[in-house]
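See below for the structure under consideration.
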Amino acid sequence: MNGIYQLPLERALAPASDAGRSTPTAAAGGSPVLLRLDRVSIERSGKRILEGLDLDIRRGSITAIVGPSGIGKSTLLATLNGLLPPASGTLSVDGIGRLQTPASLLAHRRSSATVFQEHALIARLSALDNVLLGLADRRHPLSPLPWPRAMREQALAALAEVGLLGKALDPVARLSGGERQRVGIARALVREPRLLLADEPFASVDPALAERLAGEFRRLVRDHALTLVIVLHQLDLARRLAERIVGLADGRIAFDGPPSRFDAAAQARLFPLHPAPEPTCHP
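So in UniProt numbering, spot 108 of the sequence shown is number 108, and the numbers just go up one at a time.
This is how it looks when you write it as structure tokens:
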């Protein structure tokens with residue numbers, strides 16, 4: 001295992017220095033492609049949701065996915081993490097190739113992690129046990145044995161990374177909304193992913209906390225050389241957090257560019273105002 005989780009817990013909890021840390025990608029266009037969508041169309045229950053998507057996600061980048069409710073943002077994330085196969089087109093991952101076989105899908109899922117809007121935690125379990133569930137696919141599902149010490153140390157270090165080591169044994173039901181979201185982040189982080197996906201992770205917290213959590217995501221991308229794709233409905237926050245914004249409308253990519261180009265006109269194309277009703281003509 002690489003990264004902070006390979007270290008003894010005492011070292012993992014020591015104050016971090018800047019030495020040896022990766023730095024943010026200076027320009028997304030200059031880094032290698034981690035994940036590529038080529039003419040991908042996506043369906044749910046036989047209904048076409050997204051059509052003909054061409055998209056490259058580059059290593060070390062932060063990409064925000066925005067668009068109207070119900071347009072298919074979460075559906076796109078489900079395809080990016082390999083849970084929903086494309087109806088047509090291809091999805092390829094660096095080092096794995098096209099995601100066409102069970103082995104390739106398993107390899108991609110093991111190098112990916114997702115943070116959910118509603119945390120998807122088990123309230124009666126402790127924060128530590130919830131984080132350990134992020135490693136559930138790496139031990140036998142029927143094992144009666146306790147979690148191995150190495151995995152428990154990984155989970156504790158992940159909680160320390162998000163500032164919740166002191167709450168490790170607290171039931172999630174006793175944690176605040178912001179703390180629960182941090183547990184969700186730790187559960188994703190413990191997998192040591194290359195690709196981190198987040199589905200509206202700030203939707204249930206107040207604006208001040210959303211800003212702090214956004215800073216956490218930015219730091220984690222930097223410190224752990226992650227690639228982040230995040231669905232957001234807070235457009236101003238998307239502009240501040242992301243290096244690139246991808247906007248969906250009418251089942252297609254309607255905007256793809258840096259935040260500096262996501263101006264009022266681009267926003268209006270994604271979120272058009274309802275047209276005024278035609279005047280009624282009386283004879």
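Where a beta carbon is used, it is the ideal one built from N, C-alpha and C, also for glycine. None of the values given here were measured: they were computed from a predicted structure.
Cβ of residue i within 8 Å of any chain D Cβ
i	result
aspartate 56	You won't find chain D in this structure, because it holds only one protein chain.
Whole-Å CB distance - residue i paired with residue j, under 8 Å assumed
i	j	result
leucine 197	leucine 35	No, leucine 197 and leucine 35 are not in contact; Cβ-Cβ is about 10 Å, not under 8 Å.
leucine 128	leucine 83	Contact flag wrong, Cβ pair sits at about 26 Å.
valine 190	glutamine 154	5 Å
serine 74	aspartate 199	5 Å
alanine 188	phenylalanine 202	So it is not a contact: roughly 15 Å between Cβ atoms.
isoleucine 245	alanine 238	6 Å
Segment limits, alpha helix (DSSP H) that includes residue i
i	result
lysine 73	73-80
isoleucine 96	Note, isoleucine 96: premise wrong, no alpha helix (DSSP H); not H, not E.
phenylalanine 255	It is not in any alpha helix (DSSP H) - phenylalanine 255 instead sits in the beta strand (DSSP E) that spans 252-257.
alanine 268	264-270
aspartate 129	127-132
As assigned by DSSP and simplified to three states, the class of residue i
i	result
alanine 172	Correcting the residue type first, residue 172 is valine in the shown sequence and not alanine. Helix, per DSSP.
glutamate 243	coil
glutamate 216	helix
arginine 191	coil
alanine 12	For alanine 12, the predicted model reports a pLDDT of 33, less than 50, meaning its position is unreliable; a value from the coordinates is still stated below. Note: alanine 12 maps to helix in three-state DSSP.
leucine 165	helix
serine 204	coil
glycine 177	helix
serine 260	helix
alanine 225	coil
glycine 89	strand
alanine 160	helix
leucine 248	strand
alanine 113	strand
Beta-carbon gap between residue i and residue j smaller than 8 Å
i	j	result
lysine 167	leucine 175	yes
leucine 235	isoleucine 62	no
valine 66	leucine 270	yes
alanine 242	alanine 64	yes
leucine 105	arginine 180	no
glutamate 211	isoleucine 185	no
leucine 169	serine 126	yes
valine 33	arginine 58	yes
glycine 251	leucine 80	no
leucine 209	glycine 178	yes
alanine 173	arginine 124	yes
leucine 248	isoleucine 71	yes
glycine 60	alanine 225	yes
arginine 152	leucine 165	no
Residue interval of the beta strand (DSSP E) (run including residue i)
i	result
residue 316	Because the chain in this structure spans residues 1 to 283, residue 316 falls outside the shown range and cannot be described.
aspartate 199	195-199
glutamate 118	Counting along the chain, glutamate 118 falls outside any beta strand (DSSP E), and DSSP gives it neither H nor E.
serine 41	33-44
alanine 64	62-66
leucine 83	Unbroken run through leucine 83: none, as it is neither H nor E.
leucine 106	Per DSSP, leucine 106 belongs to no beta strand (DSSP E); it is in the alpha helix (DSSP H), 102-110.
beta-carbon residue i near the ligand PLP non-hydrogen atom, thresh 7 Å
i	result
leucine 128	The ligand content of the structure shown is nil, which means the ligand PLP is not present either.
So, do the region 41-59 and the region 88-107 have three or more beta carbon pairs nearer to each other than 8 Å?
-> Yes, since at least three Cβ pairs between the region 41-59 and the region 88-107 fall closer than 8 Å, the two stretches touch.
Does the region 43-57 come close enough to the region 208-220 to have 3 or more Cβ pairs within less than 8 Å?
-> By the Cβ criterion, the region 43-57 is not in contact with the region 208-220, since fewer than three pairs of Cβ atoms, one from each stretch, lie closer than 8 Å.
Can you find at least 3 beta carbon pairs, one from the region 112-119 and one from the region 138-152, that sit closer than 8 Å?
-> Pairwise C-beta distances place the region 112-119 out of contact with the region 138-152, as fewer than three of them are shorter than 8 Å.
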